[in-house]
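A.B. asks: Below is one structure. I have some questions about it.
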Amino acid sequence: MNCSKCIQMFDYYSDNIFTWCTNCGNYGIFSAVKRALVAEEIDPKDALLCFDIGCNGNGSDKISGYRFHGLHGRVLPFAAGASLANRKIKVIAFGGDGGTLSEGINHLVHSVRSNYDFTFILHNNENYGLTTGQASLTTRKGKPMNAAPDGVVVEPMNVMEFILGLKPSFAARAFSGDVKHMTEIIRAGIKHRGFSFIEILQNCTTYNAETPHEWYQERVYDISKLKGYNKADLESAKEVSKDLEENIATGVLYEDEDSVDFYSRLANRKGTQTELVDEVKNYEIGNFLSRFN
Ligand code: SF4
123 MNCSKCIQMF DYYSDNIFTW CTNCGNYGIF SAVKRALVAE EIDPKDALLC
173 FDIGCNGNGS DKISGYRFHG LHGRVLPFAA GASLANRKIK VIAFGGDGGT
223 LSEGINHLVH SVRSNYDFTF ILHNNENYGL TTGQASLTTR KGKPMNAAPD
273 GVVVEPMNVM EFILGLKPSF AARAFSGDVK HMTEIIRAGI KHRGFSFIEI
323 LQNCTTYNAE TPHEWYQERV YDISKLKGYN KADLESAKEV SKDLEENIAT
373 GVLYEDEDSV DFYSRLANRK GTQTELVDEV KNYEIGNFLS RFN
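Residue numbering for the sequence shown follows the working numbering, starting at 123 and increasing by one per position.
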């Protein structure tokens with residue numbers, strides 16, 4: 123087969139120097155993202171990768187293609203707007219547990235509920251890594267952190283339980299040490315019609331010594347191997363998502379294959395062949411502005 127036009131890993135290559143700490147889970151995540159894009163034959167010109175502020179966001183320099191790097195916690199509304207404006211492109215957004223579950227949590231709720239048509243990858247490393255290890259909503263109770271040296275005094279949030287309570291159309295969990303499995307899950311998220319939420323349990327070698335790569339490796343299992351598991355059953359997903367200590371379920375925990383995304387529900391777009399981006403009009407406002415000279 124003549125593969126001169128095939129999308130290859132090199133098409134997403136960037137020669138910028140990585141700034142992540144040694145053995146950070148972000149390396150595996152970005153490897154899986156690139157593999158998924160290549161496996162889905164998505165040309166870099168047909169993808170938009172949107173990054174939040176945080177260690178995850180430093181990935182924006184390490185991959186080629188169209189990228190947006192937004193404000194802390196605010197990547198979701200930008201990604202939603204981009205995917206609504208031009209549905210010919212694939213949009214993938216990235217955020218961390220710090221920004222997404224604090225100032226960004228309203229955007230997360232509305233993205234899930236509205237079922238915007240893009241993929242969101244949550245890097246859950248259980249702390250604010252970029253700002254040197256402060257507690258986030260997923261930091262374990264009792265763990266001493268910068269700005270909380272006596273230990274965190276509140277229980278952590280189980281992100282997946284929260285998301286499933288919002289009735290998502292797609293919810294998956296992965297582990298940053300399993301690139302092959304992450305790639306499969308991200309591919310499934312890209313193919314899903316609607317908001318595909320993917321939580322990645324990410325090891326942070328610098329600020330989270332309690333849950334290193336090996337800790338997760340000993341505890342995660344692939345839900346697709348669980349006999350009789352039905353990913354169309356929301357209640358089953360809620361049940362398997364509870365355990366974050368001993369047997370941690372990964373894979374596509376829930377998917378509504380009949381999902382109807384936000385755009386497709388808009389009556390005023392029915393039968394329209396153009397994208398919103400094709401309908402942008404230019405208005406001459408020179409005469410109006412000249413009145414203020
Ligand atoms: Fe990775 Fe943690 Fe270092 Fe951030 S602080 S680059 S998440 S190891």
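All C-beta atoms, glycine included, are put in the ideal place defined by N, C-alpha and C.
(1) Hey, which unbroken runs of the beta strand (DSSP E) at 3 residues or more fall wholly within the stretch 237-268?
(2) Are there three or more Cβ pairs, one per stretch, closer than 8 Å when the stretch 298-312 is compared with the stretch 137-155?
(3) Helix, strand or coil: how does DSSP classify residue 191 here?
(4) Can you look up residue 217 in the DSSP assignment and give me helix, strand or coil?
(5) Counting by C-beta, which residues lie closer than 5 Å to a heavy atom of the ligand SF4, in chain order?
(6) Under a Cβ-count criterion, where at least 16 other Cβ atoms within 10 Å of its own Cβ denotes burial, should residue 275 be classed as buried or exposed?
(7) Which two residues bound the contiguous beta strand (DSSP E) that contains residue 318?
(8) Which runs of the alpha helix (DSSP H) at least 4 residues long sit entirely within the stretch 342-396? Give them in chain order.
(9) Does the beta-carbon distance from residue 278 to residue 260 come in below 9 Å?
(10) In three-state terms, what does DSSP make of residue 297?
(11) Once you ignore the five residues that flank residue 382 on each side, which residues in its own chain have a CB closer than 8 Å to its CB?
(12) Under the DSSP definition of a beta bridge, which residues are partnered with residue 292?
(13) Answer yes or no: do residue 240 and residue 215 have a C-beta to C-beta separation smaller than 9 Å?
(14) Are residue 286 and residue 201 closer than 9 Å when you measure CB to CB?
(15) In the DSSP assignment, find the alpha helix (DSSP H) that holds residue 201 and state where it starts and stops.
(16) Is there contact between the stretch 395-412 and the stretch 342-351, where contact requires at least three CB pairs shorter than 8 Å?
(17) Do residue 229 and residue 195 have their beta-carbon atoms positioned less than 9 Å apart in this structure?
(18) For the candidate residues 242, 272, 127 and 266, whose alpha-carbon lies nearest to that of residue 213?
(19) For residue 298 and residue 339, which I take to be in contact (beta-carbon distance under 8 Å), what is that distance rounded to the nearest angstrom?
(20) If you drop the 5 nearest sequence neighbours on each side, which residues of the same chain put their C-beta closer than 8 Å to that of residue 136?
(21) Once DSSP output is grouped into helix, strand and coil, what is the label at residue 167?
(22) For the alpha helix (DSSP H) holding residue 153, just list the boundary residues, first then last.
(23) For residue 391, collect the residues of the same chain with a Cβ closer than 7 Å to its Cβ; drop the 5 residues on either side in sequence, then sort them by chain order.
(24) Locate the alpha helix (DSSP H) running through residue 140, then write down its first and last residues.
(25) Does residue 346 pass the burial test, meaning 16 or more other C-beta atoms within 10 Å, or should it be called exposed?
C.D. replies: Here's the rundown:
(1) 241-246
(2) yes
(3) strand
(4) strand
(5) Each of 142, 143, 146, 177, 247, 251, 326, 327 and 328 has a C-beta closer than 5 Å to some heavy atom of the ligand SF4; these make up the full list, in chain order.
(6) The residue in question, residue 275, is exposed, as its Cβ has fewer than 16 Cβ neighbours within 10 Å.
(7) Here the beta strand (DSSP E) through residue 318 covers 318-323.
(8) 356-363
(9) Yes, Cβ-Cβ distance for residue 278 and residue 260 is below 9 Å.
(10) Strand.
(11) 237, 315 and 316
(12) 318 and 377
(13) yes
(14) no
(15) 197-207
(16) no
(17) yes
(18) 242
(19) Residue 339 and residue 298 do not touch by the CB rule: their CB atoms are close to 10 Å apart, not below 8 Å.
(20) 183, 184, 185 and 186
(21) helix
(22) 148-161
(23) 385
(24) Secondary structure note for residue 140: it is in no alpha helix (DSSP H), with a DSSP letter that is neither H nor E.
(25) exposed
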